[in-house]
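> Just so you know, the protein sequences line up as chains R, W, S and F, in that order.
Residue 230 in our numbering sits at position 230 of the first sequence, with consecutive numbering throughout.
For our numbering, count along the second sequence from 1 and bump the result up by 1000.
For our numbering, count along the third sequence from 1 and bump the result up by 2000.
For our numbering, count along the fourth sequence from 1 and bump the result up by 3000.
For glycine and all other residues, C-beta sits at the position ideal for the given N, C-alpha and C.
Please find one structure pasted underneath; my questions will follow.
4 protein chains.
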Amino acid sequence: MIRAGIVGGTGYTGVELLRILAGHPNVEVRTVTSRQDAGVIVSDLYPNLRGRVDLEFRPPEIETLADCHVVFFATPNGTAMRMARELLDLQIKVIDLAADFRLRDPRDWEKWYGEPHACPELLDEAVYGLPEVNRAAIRDARLIACPGCYPTAVQLGFLPLVESGAVCGSSLVADVKSGVSGAGRKAQLTALMAESGESLKAYAVAGHRHHPEIIQGLSARTNKKIGLTFVPHLVPMIRGIHATLYANLSSSGDDLQELFETRYANELFVDVLPAGAHPDTRDVRGCNRCQIAVHRPQQGNTAIVLSVIDNLVKGAAGQAVQNMNLMFGLDEGTGLPLIGLYP
Amino acid sequence: MIRAGIVGGTGYTGVELLRILAGHPNVEVRTVTSRQDAGVIVSDLYPNLRGRVDLEFRPPEIETLADCHVVFFATPNGTAMRMARELLDLQIKVIDLAADFRLRDPRDWEKWYGEPHACPELLDEAVYGLPEVNRAAIRDARLIACPGCYPTAVQLGFLPLVESGAVCGSSLVADVKSGVSGAGRKAQLTALMAESGESLKAYAVAGHRHHPEIIQGLSARTNKKIGLTFVPHLVPMIRGIHATLYANLSSSGDDLQELFETRYANELFVDVLPAGAHPDTRDVRGCNRCQIAVHRPQQGNTAIVLSVIDNLVKGAAGQAVQNMNLMFGLDEGTGLPLIGLYP
Amino acid sequence: MIRAGIVGGTGYTGVELLRILAGHPNVEVRTVTSRQDAGVIVSDLYPNLRGRVDLEFRPPEIETLADCHVVFFATPNGTAMRMARELLDLQIKVIDLAADFRLRDPRDWEKWYGEPHACPELLDEAVYGLPEVNRAAIRDARLIACPGCYPTAVQLGFLPLVESGAVCGSSLVADVKSGVSGAGRKAQLTALMAESGESLKAYAVAGHRHHPEIIQGLSARTNKKIGLTFVPHLVPMIRGIHATLYANLSSSGDDLQELFETRYANELFVDVLPAGAHPDTRDVRGCNRCQIAVHRPQQGNTAIVLSVIDNLVKGAAGQAVQNMNLMFGLDEGTGLPLIGLYP
Amino acid sequence: MIRAGIVGGTGYTGVELLRILAGHPNVEVRTVTSRQDAGVIVSDLYPNLRGRVDLEFRPPEIETLADCHVVFFATPNGTAMRMARELLDLQIKVIDLAADFRLRDPRDWEKWYGEPHACPELLDEAVYGLPEVNRAAIRDARLIACPGCYPTAVQLGFLPLVESGAVCGSSLVADVKSGVSGAGRKAQLTALMAESGESLKAYAVAGHRHHPEIIQGLSARTNKKIGLTFVPHLVPMIRGIHATLYANLSSSGDDLQELFETRYANELFVDVLPAGAHPDTRDVRGCNRCQIAVHRPQQGNTAIVLSVIDNLVKGAAGQAVQNMNLMFGLDEGTGLPLIGLYP
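Listed below in structure tokens is the structure:
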């Protein structure tokens, strides 16, 4: 059994990790930490886990994690970079669900996250945990930076177009809609149901931290310059991301449907829908799947990609477990839910 | 024009008061206070009021309110009782939307609200602002205690039964469901959409502050002892209260439909639906109306009353304006919305 | 492997059965029927099942079901009673998720469902599939009548009180709230999101088909007469039932918490929460669990029970699989989800 | 008093017209028709109108409308074009909320709406009822084609850019999100709350009827060719449209904030938010206002416009009344709500 620890188990990605790992046949969760809830029984805080997770939250200290094979960070940004070095030195693999190791250039980190990076020397070693791109490197990695939720949906949608050169990547548009769980389990006015229910708004139009992450990811797959306009929106639902992607086609000859089906033919967790389909976020609710459709209205020169994920699963906890499976030589799909909770 | 002030204008009842008063032909809102947002333009915080409310929040001080004819308190409990005396001394009428003057016995206040009452000498003078019961006294009052949202829906539903003696009041049950705006505009985990959306729960089964208020109100209308079981629930919608009320009938002879229609025949804001109806909270959304249906399944000895209001209007800001209209000799319905926003 | 058939696979209970059975290690779904969608690929209609359910809908005929070991009816009321006899004669076990075999007296069926019963001779043999009451009989049954969603939540909540004699059962009140999936996957105005979203209403106060079912179920567990007032409500959420139950205690001596914990000590799917808790429907979303709390406010003579289930799982498809597990000698929990999808 | 008739009063735009007109000081609604509900009391179907609308639905015949000054069509597409001629001949003004007179070329109608136009000779006379563009013509019109909901939000957002030449209009992108009331009050599976709640999807990516309408409207304001990619989405809320608009700037010199503020300086119903704002659909819920913000991220060459309306008000019934006010020489804002229902 793989002994796993979770640092920061009280947020939505933490509790989702617990849900998934509780059903994973090869994992035993040994430790869940929470600075503020140390001493609390996990299932007192999360009654959905009663009888399935029999742990209490412990303070986030290295010693309590020392007998783990792998430690997940489901923490706010800026935590993992302060503990990763010590864990790696103890031969513990680290999977960070936050942003600490996503950007390769520490200056980008400092610019977007507002403080100097605490261990820039690990950035080169960290592997960006998008298995559909970096599977081989993930298998050998000690330190994984799980992609953000928006970047997962956007990159999986753009990748076939960018990698193949079917689009000129200089004027991509990503109009992305997220459910409110993406804002995390934090007491904040804007996330109240009376504020965000029955309403929709864009936010961070001037600049969002996932913007440089997406550009970095797409740029690594092409030798052309990527230009991206990225607008996130808050939608009155709990789970789900829907990315609507626009790109100008370089040539008119490509069969986009075939391009997508071929690109993802062997991917368990990326499901290309039939031509003409419109994915619903509900169909991937609770499961580790990205469903994608590609359109080319009136056979014009614009490609439109519709890409949906559950932000807490393929956009966070599920993808983290997918990475763990690869790192430990397990079948990639082990323990990961594949059927969305509909209705 | 009536010059009005609002103390505590940043909560949901405060902003709803602004919406209603902005459309009231006889009122000019002179002052809106907020301790924490003093200096902020009201419509910067509430863009729905842009172009209609041209004020900034000011600190909550007596001097800024001194030229008002009436001051509304849309504050947390415990604020109005500390300022009411001074305002009354300045010949300013006071309408409290919070609980400070609802309970007649200061020991009840202390028991349920956790601190001694700051001006118990005003409790005798304060009039409980349920116009359907206290209309005459309200007209002459200087100090109004607006009923709570639950007590409004529950009392309007039980009153015809209790006043007429149609029920023995010793074992009433009120199972009441409220939208999340009832929890106020406060950053708190339980009111996040990711927590309260798509879920339903009861709360405060062991005891809720509105319990003694309802018992006090119903007891004043009968010489029998009132016994009440009261269970509030949080429902995944923003506005609306639905009270489902159960009572054992004293006799089998009463025509309940007629009883209700007669009791409320002259009430503009209480609408008795036809026999057999089931009111929807949406039909009173945004308006100052209570819709009620009364049932007696299988002609048995149980009466079931269904009573719906908008918690922020008839349950708070609208009822406060209804009281103001009475206090200033206006037509009771002036400026009050009567049509619910459907769908 | 158990070969299973599903008659009526296009409704919400049908697709939920498919989700659960797709993950069941001992079951192979051989046939899914749908009169109106015969010929359609199941996963074209339900994209959440893509890659996991590889079937097409077939017409609902006995021959297509003949090689099954068990057939589930996820059909409208009145279908199973017309096909059950033939299937039983073929040595196929039958599990009906509809109401056809729930009421033991065919006159009750005719009264509440509006037509004579098509095979009254099977009513004696049919076992009411509430394992927490009828486990032994279920193991030996050929024909199971799965309880309705409301009756499941209400009976599990009242049973400890009624069986123990802790309450006099003559004036029980069940105020029950259901998400909209309970209305089924039918094009009807009242179930539109613009109608049922952001609103709450009671319905069928004059009488609901689940009323006689609950009374029959509780009556079988006591020698006292059961009197029940039952009011269902429609709540703006998709899944979940919350039953709020009121009962007058016969004596003041019982420790209700202990009574409930003892009654359900060995039940995998009934989880009695700690004293003072208030269950949320979200904590059982997608899983086959009933969570229950019992209260006695102010140590008075009223017991209040809060009981939550997912109407499509413990209230329908999950309970059906729980019954199947018992009928085929499997561990009762095989293949059944136990962790709710939170948030 | 203006005597008004409403043909097709049972849909959401019809009932919203009734709500608005019931509060309009210069209008008396004389007739509301409905083929299917003829004979039904309006407020029996719509209890939110009880006591305020005292009419019954009548069959949709010319005679019943003959004493009106103005007739609104809140009907499905294809109805108004069959009755408009007769009404105009009776000197009755006609305001169509459906699509019958929106497209100037009858071949476009036939292409997009699937049947030949029934009175192409009126298309030249019909005035497209977007007052912010056609105010003068509306004042003199007998026949108004009210814009669609999407076209209202999209055109108001793009107009300042297109009219000024600030953008090259050949590659506009409109990513638009609508609440479910836009689908109308029709029993259809996809609009069930269990289907459209808690989910988001794009639809009609291959082509939507509002596409040619938007292009026609924008083209009329520029001599450049308009190219538009338009993707509508269904969002789990009842009311509201949020248009996110993308355009490439022609030059880098324009002050976009000033451009928008100047363009709409005198428009009561278009509210340009301060620089950097993100409008919420909730802030215009129930009111006849469009709130707009314009952004230019990182001072690049892409303009992003965020434009929100209530689809049933500024996108339908409210705009119709705004048109009526102009046609009858009233103040444009008479009777129209200006404050959104928040929360």
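(1) Under 8 Å, CB to CB, which of the residues in the stretch 3007-3025 of chain F have a partner in chain W?
(2) Taking the beta carbon of W/R1082 as the centre, do at least 16 other beta carbons fall within 10 Å, making it buried, or is it exposed?
(3) Hey, R/C68 and R/A4 are a contact pair by Cβ (cut 8 Å); roughly how many whole angstroms apart?
(4) Could you give the distance in angstroms between the alpha-carbon of F/Y3113 and the alpha-carbon of S/I2006?
(5) Check this for me: beta carbons of S/V2235 and S/F2260, under 8 Å apart or not?
(6) Could you name the residues of the same chain whose beta carbon sits closer than 7 Å to that of F/C3287, not counting the 5 residues immediately before and after it, in chain order?
(7) For R/E28, which option in R/R52, R/D37 and R/P120 has the closest C-alpha, if you only look at C-alpha atoms?
(8) For the stretch 32-48 of chain R, list every residue whose C-beta sits within 9 Å of some C-beta in chain F, in sequence order.
(9) Beta strand (DSSP E) containing R/L178: first to last residue?
(10) R/S196 CB to nearest chain W CB: under 8 Å?
(11) Whose C-beta lies closer than 8 Å to the C-beta of R/P106 among residues of the same chain, with five residues either side of it excluded?
(12) Which chain W residues sit within Cβ distance under 7 Å of R/R107?
(13) Tell me which same chain residues have a C-beta within less than 8 Å of the C-beta of F/L3273, skipping the five on either side of it?
(14) Could you spell out where the beta strand (DSSP E) holding F/F3073 opens and where it closes?
(15) Would you say W/P1343 faces chain F, with C-beta separation under 8 Å as the test?
(16) Counting only C-beta atoms, is W/V1235 closer than 8 Å to chain R at any point?
(17) Could you tell me whether the stretch 1136-1154 of chain W touches the stretch 1173-1191 of chain W, using the rule of 3 or more Cβ pairs below 8 Å?
(18) Locate the alpha helix (DSSP H) running through S/R2142, then write down its first and last residues.
(19) Could you please give the first and the last residue of the uninterrupted alpha helix (DSSP H) stretch that includes S/D2089?
(20) Counting only beta-carbon atoms, is R/Q344 nearer than 8 Å to chain W?
(21) Identify, in the order they occur along the chain, each residue of the same chain with its Cβ nearer than 6 Å to the Cβ of R/A22, setting aside the five sequence neighbours on each side.
(22) Terminal residues of the continuous alpha helix (DSSP H) containing R/D44?
(23) Measure from the C-beta of R/L338 to each C-beta in chain S and report whether the shortest distance is under 8 Å.
(24) Excluding the 5 residues preceding and the 5 following S/E2125 in the sequence, name in chain order all residues of the same chain whose CB lies nearer than 6 Å to its CB.
(25) Assuming contact is defined by CB atoms lying nearer than 8 Å, are R/S219 and R/V167 in contact in what I supplied?
(26) Alpha carbon to alpha carbon, how far is F/D3108 from F/E3213? Give it in angstroms, no decimals.
(27) What are the complete beta strand (DSSP E) segments, minimum 3 residues, inside the stretch 219-281 of chain R?
(28) What does a CB cutoff of less than 8 Å around W/L1018 pick up in its chain, not counting 5 residues either side in sequence?
(29) Which chain R residues are close to W/V1180, counting only those with a beta carbon under 7 Å from its beta carbon?
(30) Residues of the stretch 1256-1272 of chain W in Cβ contact with chain F at a cutoff of 9 Å, in chain order, please.
(31) How would you list, in chain order, the residues of chain R whose beta-carbon sits under 9 Å from the beta-carbon of W/L1189?
(32) Can you list, in chain order, the stretches of the alpha helix (DSSP H) that have 4 or more residues and sit fully within the stretch 3090-3133 of chain F?
(33) Compare the C-beta of W/I1238 with all C-beta atoms of chain R and state if any pair is closer than 8 Å.
(34) Per DSSP, what kind of secondary structure is S/I2020 in: helix, strand or coil?
(35) Hey, how far is the Cα of R/I138 from the Cα of W/G1011?
(36) Could you check the C-alpha separation between R/A194 and W/L1330 for me, to the nearest Å?
According to the structure data:
(1) Hits within the stretch, in order: Y3012, V3015, R3019, A3022 and G3023.
(2) exposed
(3) Yes, R/C68 and R/A4 are in contact; Cβ-Cβ is about 6 Å, under 8 Å.
(4) C-alpha separation (whole angstroms): 40 Å.
(5) no
(6) Around F/C3287: D3310, V3313, P3337, L3338, I3339 and G3340.
(7) Among R/R52, R/D37 and R/P120, the Cα nearest to that of R/E28 is on R/R52.
(8) So nothing in the stretch comes that close.
(9) A small correction: the amino acid at residue 178 of chain R is Ser; Leu does not occupy that position in the sequence shown. Its beta strand (DSSP E) spans residues L172 to S178.
(10) yes
(11) P116, H117, P120 and L123
(12) What R/R107 touches in chain W: nothing, since even the nearest Cβ is about 34 Å away.
(13) Around F/L3273: P3279, Q3291, I3292 and A3293.
(14) V3070 to F3073
(15) yes
(16) no
(17) Touching, yes, given that three or more Cβ pairs across the two stretches are closer than 8 Å.
(18) Note, S/R2142: premise wrong, no alpha helix (DSSP H); not H, not E.
(19) A2080 to D2089
(20) Residue numbering for chain R in the displayed model covers 1 to 343; residue 344 of chain R lies beyond these limits and cannot be assessed.
(21) R52 and V53
(22) Segment V42 to L45, the alpha helix (DSSP H) holding R/D44.
(23) At least one chain S Cβ lies under 8 Å of R/L338.
(24) Counting only Cβ-Cβ distances below 6 Å, and skipping sequence neighbours, we find L2143.
(25) no
(26) Rounded to whole angstroms, F/E3213 to F/D3108 spans 9 Å at the Cα level.
(27) 228-234, 241-248 and 270-272
(28) So the qualifying residues of the chain are I1006, G1009, V1029, V1032, V1042, Y1046, L1049 and V1053.
(29) M193 and A194
(30) Look at the stretch 1256-1272 of chain W: the residues with a C-beta under 9 Å from a C-beta of chain F are L1268 and D1271.
(31) R185, K186 and A187
(32) 3106-3113
(33) Yes, W/I1238 lies at the interface with chain R (some Cβ there is under 8 Å from its Cβ).
(34) helix
(35) R/I138 and W/G1011: Cα-Cα distance of roughly 50 Å.
(36) So the two alpha carbons sit approximately 33 Å from each other.
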